[in-house]
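Peer 1: Can you read through this structure? Questions will come right after.
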Amino acid sequence: GISWISPVGPLRIAYALPLRKKPGDRIERLQFQIGTSF
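Residue numbers are given in my numbering: position 17 of the sequence shown equals residue 161, and the series is strictly consecutive.
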């Protein structure tokens, strides 16, 4: 992923692919976050 300390606050974008996907799984390939994580 990419992290950036912007004037608005910390921004993070992450992209991932599952290694083992099962039928019925909800896949989130792209995640976007504003603010700090804890």
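In this text, a Cβ means the ideal position worked out from N, Cα and C, and glycines have one as well.
Because the structure is a prediction, the values reported are computed rather than measured.
1) Which partner residues of P151 appear in the DSSP bridge assignment?
2) Give me the residue from G153, R170, P154 with the minimum Cα distance to L161.
3) What are the start and end residues of the beta strand (DSSP E) that includes I178?
4) Just how far apart, CA to CA, sit A158 and G168?
Peer 2: Put simply:
1) Taking the sequence shown and counting its residues from 1, one reaches residue 151 at position 7. Bridge partners of P151: none, in fact.
2) Taking the first residue of the sequence shown as 1, we reach residue 161 at position 17. Closest by alpha carbon: R170.
3) Mapped onto the sequence shown, residue 178 falls at position 34. Taken as a continuous stretch (DSSP letters only), the beta strand (DSSP E) holding I178 covers 174-178.
4) In the sequence shown, the residue the question calls residue 158 occupies position 14. In the sequence shown, the residue the question calls residue 168 occupies position 24. Cα to Cα, A158 sits roughly 22 angstroms from G168.
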